[in-house]
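Residue numbers (the working numbering): 29 to 253. Everything on this sheet refers to the single structure shown next.
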Amino acid sequence: MDQMVLGSQVYPYTVQTQHSQCIIVNQIDGSSPAEESKPVKRRRKRKSKGSSATNEDDVAMIGGMFRKRKLTDEQVNMLEYSFENEHKLESGRKEKIAGELGLDPRQVAVWFQNRRARWKNKKLEEEYAKLKSQHDTVVLGQCQLESQVLKLTDQLSEAQNEIRKLSGRLEELSTNSSSSSLSVEANDAPIDFEFAPETNYNIPFYMSDNNYLQNMEYWDVCMYN
DNA sequence: TTGTGTTTTACGACCTCC
DNA sequence: GGAGGTCGTAAAACACAA
């Protein structure tokens, strides 16, 4: 039996010339691929999942050649080229393409339907990748902000401790001074706090004994609100 | 070689538009 | 109502690891 080899496919077809056109003919029944795929002949009952080919129809369909024919590279290339120009397929164009490629118009229509579906899936994937990238960027920014918040909270806590220590010292000084002959006027004078070397908070506090507690309350409000 | 996952071709059901 | 669209899926074809 003659065979037609196209790519890795081997078809039981010969190529005949007729009226200066190439006709592909099935060696088994003399039909052409286009003839075979005419809608009425091609229609088949769909088998349910898990069913096997046991009845005559199924055997004939499975045993028959080209029940499902893979398009040639050339046909696919032409279809792709056509799809690039226009994704939709009006009737005249469909007939023209089908004629040029030796395919049934129905095959061309189906190919375009499937191609549109693939194109849509690809677009969706691209869109998903884009959104995911944006999402990742936002999450990263959020992490950075959260770590910054933690760092600042620690610094604030340290500052509060420092203030408490200094407040204790201040109280000590004022107690000592009131019992000694040297009196220290602590009420209105600005106090130059000596901050711990590890802290860099050069916050100018001008506070008296009276307003210290108020300031501590202010810190606490800031801290927990 | 065979099992398995992916791609391609084809179809049925349903929807929209003219 | 018919033509042509989408959607979901069956099944053949194909790729590839084991």
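Positions of the beta carbon are idealized from the N, C-alpha and C atoms, including for glycine. Given the structure is predicted, the values throughout are model-derived calculations rather than measurements.
Just the Cα atoms here: how many angstroms apart are residue i and residue j?
{"i": "residue 143", "j": "residue 150", "result": "10 Å"}
{"i": "residue 113", "j": "residue 154", "result": "21 Å"}
{"i": "residue 191", "j": "residue 199", "result": "12 Å"}
{"i": "residue 168", "j": "residue 185", "result": "26 Å"}
{"i": "residue 129", "j": "residue 148", "result": "25 Å"}
{"i": "residue 102", "j": "residue 108", "result": "10 Å"}
{"i": "residue 124", "j": "residue 105", "result": "16 Å"}
{"i": "residue 156", "j": "residue 145", "result": "16 Å"}
{"i": "residue 5", "j": "residue 152", "result": "This structure leaves residue 5 out entirely; the chain is present only between 29 and 253."}
{"i": "residue 14", "j": "residue 158", "result": "Because the chain spans 29 through 253 in this model, residue 14 falls outside it and cannot be assessed."}
{"i": "residue 193", "j": "residue 187", "result": "10 Å"}
{"i": "residue 131", "j": "residue 111", "result": "16 Å"}
{"i": "residue 137", "j": "residue 171", "result": "51 Å"}
{"i": "residue 203", "j": "residue 195", "result": "12 Å"}
{"i": "residue 97", "j": "residue 161", "result": "41 Å"}
{"i": "residue 99", "j": "residue 141", "result": "15 Å"}
{"i": "residue 177", "j": "residue 205", "result": "42 Å"}
{"i": "residue 175", "j": "residue 139", "result": "54 Å"}
{"i": "residue 173", "j": "residue 135", "result": "57 Å"}
{"i": "residue 189", "j": "residue 201", "result": "19 Å"}
{"i": "residue 180", "j": "residue 166", "result": "21 Å"}
I believe residue i touches residue j by the beta-carbon criterion, under 8 Å. Please report the beta-carbon distance rounded to the nearest angstrom.
{"i": "residue 122", "j": "residue 133", "result": "5 Å"}
How is the alpha helix (DSSP H) around residue i delimited, first residue to last?
{"i": "residue 120", "result": "119–129"}
{"i": "residue 112", "result": "101–113"}
Just checking residue i against the ligand SAH - is the residue's beta carbon closer than 7 Å to any of the ligand's heavy atoms?
{"i": "residue 195", "result": "Judged by which ligands are present, the structure shown has none, so any question about the ligand SAH falls away."}
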